[in-house]
Amino acid sequence: MIRKNIITLAILGLVATTTVSATEMTEPAGSAVNMLSDLQDVSDVNYINAGYLVEDNAAPPSLSEIKTQVLDLGKRYFIDFSNIATEDAKNKAKDKLRKSIGVFLSGDMIIISPYKGELMFSLLDGIDDPNITLLEAQPKRASRSKRSAPLLSSSDNTIPNMAFYLNAYRRISDDECNLTFNTYQGPIKSRQMCNNGHISLIYKVNLQRSLRYGTQGSATPDAKIVRIGIDDSTQGTGIHLNDAVEKRLLAMRGIEWPLGGDEAELVTTAIARSYDFNFDASNNKASILRTVPASNLNANYNHKEVSTFNFGISGGVEVNKDGPKGKLDVNASWSESKWLTFDTRDYRVERSTHGAKHVEFKWARQQYPNAESIKKTTIHGYTAGLVLPADTSKVNSIGYESFTPKMEVIYKAAPTETGTTTLSVDSAVDITGFRYYTNVTGFFGVRTYYSKDSDNQVKHINNKVSFVVDWDHPVFTGGRPVNLQLASFNNKCIAGDYLNKLSAKTCNEDNFQQAFIYNKVGQFVSAQNTKLCLDGENLNQLGTCGANLSQRWTWKEGTNQLQNVFTQEYLGHNKTTGDLIMAAGPTSTISTDWYSAYVNVFKQSSVHRN
Numbered sequence: 001m002i003r004k005n006i007i008t009l010a011i012l013g014l015v016a017t018t019t020v021s022a023t024e025m026t027e028p029a030g031s032a033v034n035m036l037s038d039l040q041d042v043s044d045v046n047y048i049n050a051g052y053l054v055e056d057n058a059a060p061p062s063l064s065e066i067k068t069q070v071l072d073l074g075k076r077y078f079i080d081f082s083n084i085a086t087e088d089a090k091n092k093a094k095d096k097l098r099k100s101i102g103v104f105l106s107g108d109m110i111i112i113s114p115y116k117g118e119l120m121f122s123l124l125d126g127i128d129d130p131n132i133t134l135l136e137a138q139p140k141r142a143s144r145s146k147r148s149a150p151l152l153s154s155s156d157n158t159i160p161n162m163a164f165y166l167n168a169y170r171r172i173s174d175d176e177c178n179l180t181f182n183t184y185q186g187p188i189k190s191r192q193m194c195n196n197g198h199i200s201l202i203y204k205v206n207l208q209r210s211l212r213y214g215t216q217g218s219a220t221p222d223a224k225i226v227r228i229g230i231d232d233s234t235q236g237t238g239i240h241l242n243d244a245v246e247k248r249l250l251a252m253r254g255i256e257w258p259l260g261g262d263e264a265e266l267v268t269t270a271i272a273r274s275y276d277f278n279f280d281a282s283n284n285k286a287s288i289l290r291t292v293p294a295s296n297l298n299a300n301y302n303h304k305e306v307s308t309f310n311f312g313i314s315g316g317v318e319v320n321k322d323g324p325k326g327k328l329d330v331n332a333s334w335s336e337s338k339w340l341t342f343d344t345r346d347y348r349v350e351r352s353t354h355g356a357k358h359v360e361f362k363w364a365r366q367q368y369p370n371a372e373s374i375k376k377t378t379i380h381g382y383t384a385g386l387v388l389p390a391d392t393s394k395v396n397s398i399g400y401e402s403f404t405p406k407m408e409v410i411y412k413a414a415p416t417e418t419g420t421t422t423l424s425v426d427s428a429v430d431i432t433g434f435r436y437y438t439n440v441t442g443f444f445g446v447r448t449y450y451s452k453d454s455d456n457q458v459k460h461i462n463n464k465v466s467f468v469v470d471w472d473h474p475v476f477t478g479g480r481p482v483n484l485q486l487a488s489f490n491n492k493c494i495a496g497d498y499l500n501k502l503s504a505k506t507c508n509e510d511n512f513q514q515a516f517i518y519n520k521v522g523q524f525v526s527a528q529n530t531k532l533c534l535d536g537e538n539l540n541q542l543g544t545c546g547a548n549l550s551q552r553w554t555w556k557e558g559t560n561q562l563q564n565v566f567t568q569e570y571l572g573h574n575k576t577t578g579d580l581i582m583a584a585g586p587t588s589t590i591s592t593d594w595y596s597a598y599v600n601v602f603k604q605s606s607v608h609r610n
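The sequence shown runs 1 to 610 under the UniProt record's numbering.
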């Protein structure tokens with residue numbers, strides 16, 4: 001109970017904006033109780049029982065709120081959907097969280113933790129998943145400001161970009177690693193072919209909008225962009241099978257002199273026949289724009305490659321004199337580069353595809369591919385100890401120890417695309433062992449070693465992670481979110497709610513319900529729901545975005561007044577109540593002055609909190 005109370009107290013303030021009890025939402029339930037009880041220190045855990053998100057009046061944490069908690073305050077989130085009884089209810093809760101933070105990892109138990117200055121999403125696959133240790137409290141640092149640099153430098157913070165990491169981790173059990181081989185005694189299962197086997201890869205993901213900019217032939221694409229990959233800045237510990245190639249005995253029988261015959265059956269510890277990485281999209285909304293590598297690579301290929309992508313952007317105040325009052329208009333290009341170092345050694349890299357949505361990269365063993373290729377001629381008396389008749393130095397460690405691939409896949413979607421797409425990354429290793437056997441020559445008692453490549457056994461071990469991309473997320477508009485602050489009040493801004501109703505609330509730069517994208521036609525598009533706009537014909541709630549001129553607004557030059565294109569009236573507010581109203585001009589009770597500033601939808605809070 002002590003630990004559960006710690007978890008509850010850690011985030012009582014996170015859901016205070018709802019009528020759902022914060023204590024109920026943050027109280028561990030079901031399997032989570034035992035999973036958390038196995039940890040030493042859960043004081044940094046923000047547990048959310050997602051069952052309460054099914055209720056209409058329950059608000060999930062925003063992306064900015066999660067980033068502030070995780071990146072600035074050192075917390076970790078455990079979001080638990082496992083206690084929701086029906087799939088419909090579960091999907092409702094997941095959709096609500098996805099719309100709030102812009103992305104969702106497919107699964108019922110999700111951990112959000114810090115990694116290199118950004119959020120990392122990990123999936124818990126059952127009560128024994130070792131990823132649960134990511135929730136352990138870490139030693140406090142003297143200053144959170146000294147954390148690792150984020151995926152974008154501070155100079156690039158004006159560019160709408162959502163970045164995070166995917167943690168693809170699973171253990172490879174002894175049973176999974178051990179193969180069954182055909183011996184003179186019949187099928188025999190090997191033992192201890194792996195030592196601390198695991199798949200541990202961290203994929204970097206960027207969501208961004210590119211606007212068309214430049215001349216034909218060199219123009220940047222007009223598309224919604226998702227970049228997924230492993231570059232030199234992130235990798236995880238890799239795919240690990242063993243620390244060395246060693247001998248394992250499968251079967252043995254004594255040979256009495258002067259008899260002879262088959263004596264021992266041997267196999268090496270696990271070696272990777274191949275490593276496979278499959279990227280796939282669930283529907284035709286997304287297609288592959290570019291990959292690195294772009295083609296096949298030979299064995300012993302050693303090269304450091306730079307992957308540069310050029311975006312067309314609306315550069316904000318740096319290139320737009322109007323600052324937050326400026327409409328979304330492409331006016332600059334921006335390049336992002338990633339370094340990928342390839343060192344293929346014994347493996348060739350095969351790139352293949354099954355269509356525009358899919359690509360596979362396979363590191364296929366080419367050099368020293370079997371037992372015969374590394375066999376040493378070994379003959380000695382049968383009373384000597386058994387050895388592994390192989391030159392194991394020919395097997396580079398890339399074949400068994402902490403292998404990390406380098407690759408990138410860039411998906412694009414049309415600028416008008418809506419809905420969602422599930423993108424998946426399947427990381428796999430095909431495990432084998434090099435087979436040998438011995439034969440003793442009758443009367444002479446000479447032991448001779450032979451390869452046995454005909455006994456070709458392989459096991460496929462994989463880890464698949466999937467995440468849902470919401471093409472309606474405001475990051476894909478390409479615009480920097482702004483707020484609309486009432487000039488007659490010290491600290492009031494226009495805010496929506498989960499029923500899309502509008503009112504004046506205390507300004508909060510981290511609240512996406514107060515954020516709008518001022519697009520190129522003059523609409524104020526809600527960052528909470530990019531299908532909704534501020535409409536002068538109904539200021540009580542947001543309206544469905546369309547061609548209505550009543551949804552178009554212009555800042556009157558030299559003033560702080562917003563004029564409606566259709567009515568030619570000004571957006572106003574009651575100086576006493578803050579109620580929104582259309583007005584021909586200011587009066588003793590109505591103000592038509594507004595202030596606008598950039599707000600923090602994609603980043604952690606810039607407001608210092610103790």
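Where a beta carbon is used, it is the ideal one built from N, C-alpha and C, also for glycine.
In this text the structure is predicted, and so the values were computed from the model without any measurement.
Inset, instruction - For residue 533, name the three-state secondary structure that DSSP assigns. - result: DSSP places residue 533 in strand when its eight states are reduced to three.
Legend entry - Contact between the stretch 462-470 and the stretch 379-398 (3+ Cβ pairs under 8 Å): By the criterion of at least three beta-carbon pairs nearer than 8 Å, the stretch 462-470 is not in contact with the stretch 379-398.
Inset, instruction - Quick one: using the 10 Å Cβ neighbour count with 16 as the cut-off for buried, is residue 44 buried or exposed? - result: So residue 44 counts as buried.
Inset, instruction - Put residue 148 into one of helix, strand or coil per three-state DSSP. - result: For residue 148, the predicted structure reports a pLDDT of 41, less than 50, and the residue's modelled location is therefore unreliable. A value from the coordinates is still provided. Judged by DSSP in its simplified three-state form, residue 148 adopts coil rather than helix or strand.
Inset, instruction - Determine the DSSP secondary structure at residue 219, reduced to helix, strand or coil. - result: Note: residue 219 maps to coil in three-state DSSP.
Inset, instruction - State the Cα-Cα distance for the pair residue 86 and residue 31, rounded to the nearest angstrom. - result: About 17 Å.
Legend entry - Extent of the continuous beta strand (DSSP E) run through residue 494: Run containing residue 494: 492-495, per the beta strand (DSSP E) assignment.
Inset, instruction - Could you please give me the residues that DSSP links to residue 380 through a beta bridge? - result: The secondary-structure analysis by DSSP pairs residue 380 across a beta bridge with 447.
Legend entry - Range covered by the alpha helix (DSSP H) that runs through residue 288: No alpha helix (DSSP H) contains residue 288, which is instead part of the beta strand (DSSP E) from 287-292.
Legend entry - Euclidean distance between Cα positions of residue 371 and residue 431: Roughly 14 Å separates the two Cα atoms.
Inset, instruction - Note down the Cα distance separating residue 208 from residue 393, rounded to an integer number of angstroms. - result: Rounded to the nearest whole angstrom, the CA to CA distance from residue 208 to residue 393 is 46 Å.
Legend entry - CB-CB length for residue 405 against residue 275, believed under 8 Å: The Cβ separation is near 6 Å, so the contact holds.
Legend entry - Cβ neighbour criterion (16 or more within 10 Å) applied to residue 265: Under this definition residue 265 is a buried residue.
Inset, instruction - Closer than 6 Å by C-beta to residue 127: which residues in its own chain qualify, once you throw out the five before and the five after it? Chain order, please. - result: Cβ within range, chain order: 31 and 35.
Legend entry - Alpha-carbon spacing of residue 568 relative to residue 584, whole angstroms: Approximately 8 Å between the Cα atoms of the pair.
Legend entry - Short Cβ contact (8 Å threshold) for residue 504 with residue 532: Not a contact, by the Cβ cut-off of 8 Å.
Inset, instruction - Could you check what DSSP says for residue 143 in three-state terms: helix, strand or coil? - result: Confidence in residue 143 is poor, its pLDDT being 43 and thus under 50, which makes the residue's placement too unreliable to answer from.
Inset, instruction - Kindly confirm or deny that the stretch 223-231 and the stretch 192-212 touch, where touching means at least three C-beta pairs closer than 8 Å. - result: Short answer: they touch.
Inset, instruction - Give the straight-line distance between the Cα atoms of residue 244 and residue 390, rounded to the nearest whole angstrom. - result: Here the alpha carbon of residue 244 sits roughly 13 Å from the alpha carbon of residue 390.
Inset, instruction - Using three-state DSSP, classify residue 316 as helix, strand or coil. - result: Low local confidence applies: a pLDDT of 48 at residue 316 is under 50, so the model's placement there is unreliable, with the coordinate-based value given in what follows. Here residue 316 sits in helix by DSSP.
Inset, instruction - Tell me residue 332's beta-bridge partners as DSSP assigns them. - result: BP columns for residue 332 point to 313.
Inset, instruction - Determine the direct distance from the alpha carbon of residue 255 to that of residue 444, and round the result to whole angstroms. - result: In this structure, the CA atom of residue 444 is about 12 Å from the CA atom of residue 255.
Inset, instruction - Would you check if the distance between the CB atom of residue 455 and the CB atom of residue 164 is smaller than 8 Å? - result: No; because the gap between Cβ atoms is not below 8 Å, this pair is not in contact.
Inset, instruction - Put residue 266 into one of helix, strand or coil per three-state DSSP. - result: The answer is strand: DSSP assigns residue 266 an E or B state.
Legend entry - Residue nearest to residue 497 in terms of C-alpha spacing, selected from 62, 33, 341 and 138: The option with the nearest alpha carbon to residue 497 is 62.
Legend entry - Test item: CB-CB of residue 313 and residue 159 under 8 Å: With respect to residue 159, residue 313 sits close: the two C-beta atoms are nearer than 8 Å.
Inset, instruction - Have a look at 162, 136, 83 and 90 and flag the residue whose alpha-carbon is nearest the alpha-carbon of residue 117. - result: That would be 162, whose Cα lies nearest to the Cα of residue 117.
Legend entry - Run of the beta strand (DSSP E) containing residue 430, from where it starts to where it stops: First-last of the beta strand (DSSP E) with residue 430: 420-432.
Inset, instruction - With DSSP collapsed to three states, give me the class of residue 54. - result: Here DSSP, grouped into helix, strand and coil, assigns residue 54 to helix.
Legend entry - Boundaries of the alpha helix (DSSP H) in which residue 34 is found, first to last residue: 31-37 is the extent of the alpha helix (DSSP H) around residue 34.
Inset, instruction - Indicate the three-state DSSP secondary structure (helix, strand or coil) for residue 506 in the structure shown. - result: Collapsing the DSSP output to three states places residue 506 in a strand.
Inset, instruction - Using the Cα positions of residue 328 and residue 549, report the straight-line distance between them to the nearest angstrom. - result: Cα to Cα, the separation comes out at about 17 Å.
Legend entry - Residue range of the alpha helix (DSSP H) that includes residue 176: Note, residue 176: alpha helix (DSSP H), 174-177.
Inset, instruction - Determine, using beta carbons only, whether residue 578 and residue 489 come nearer to each other than 8 Å. - result: In this structure, residue 489 lies closer than 8 Å to residue 578 by Cβ.
Legend entry - Assigned exposure category for residue 261 - 16 Cβ within 10 Å defines buried: So residue 261 ends up on the exposed side.
Inset, instruction - Could you tell me whether the Cβ atoms of residue 484 and residue 363 are closer together than 8 Å? - result: No.
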